[in-house]
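J.: Here it is, the structure in full.
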Amino acid sequence: MASITPPPILEQIQADATVFFDLNARWLTLELEYWKTSDGAHQNKANSMLPELNARTFLLFQDIGDAKWVLNLP
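Written as structure tokens, this is what we have:
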């Protein structure tokens with residue numbers, strides 16, 4: 007996503023999406039490590055990320071919906 011240049015009105019959404027996907031990748035990595043090792047520390051770290059993941063998911067989709075409304079997209 008870093009190589010994509012959005013229009014100026016969408017730059018903040020792209021930055022938020024980049025953080026969102028990086029956070030999801032870290033969360034999935036921790037879940038995979040837990041699955042491989044059954045080490046509860048990995049699962050605890052992954053679970054502690056859930057509130058931020060949920061908040062970023064909500065905010066990103068809200069921002070996308072707002073942009074679609076402003077730009078009159080389907």
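Numbers 7 to 80, taken from my numbering, label the letters of the sequence shown in order.
In this text, a Cβ means the ideal position worked out from N, Cα and C, and glycines have one as well.
In this text the structure is predicted, and so the values were computed from the model without any measurement.
Does P13 come out as helix, strand or coil in the three-state DSSP assignment?
T.: If DSSP states are grouped into helix, strand and coil, P13 belongs with coil.
J.: Under the three-state reduction of DSSP, which class applies to N53: helix, strand or coil?
T.: Here N53 sits in helix by DSSP.
J.: Taking its Cβ as the centre, do 16 or more other Cβ atoms sit within 10 Å of A61, making it buried, or is it exposed?
T.: exposed
J.: Just the C-alpha distance for E17 and L65, rounded to the nearest angstrom, thanks.
T.: 15 Å
J.: How about L29 and L59: do their beta carbons lie closer than 8 Å?
T.: Yes. Within cutoff.
J.: Measure the C-alpha to C-alpha separation of P12 and Q20 and round it to an integer number of angstroms.
T.: 7 Å
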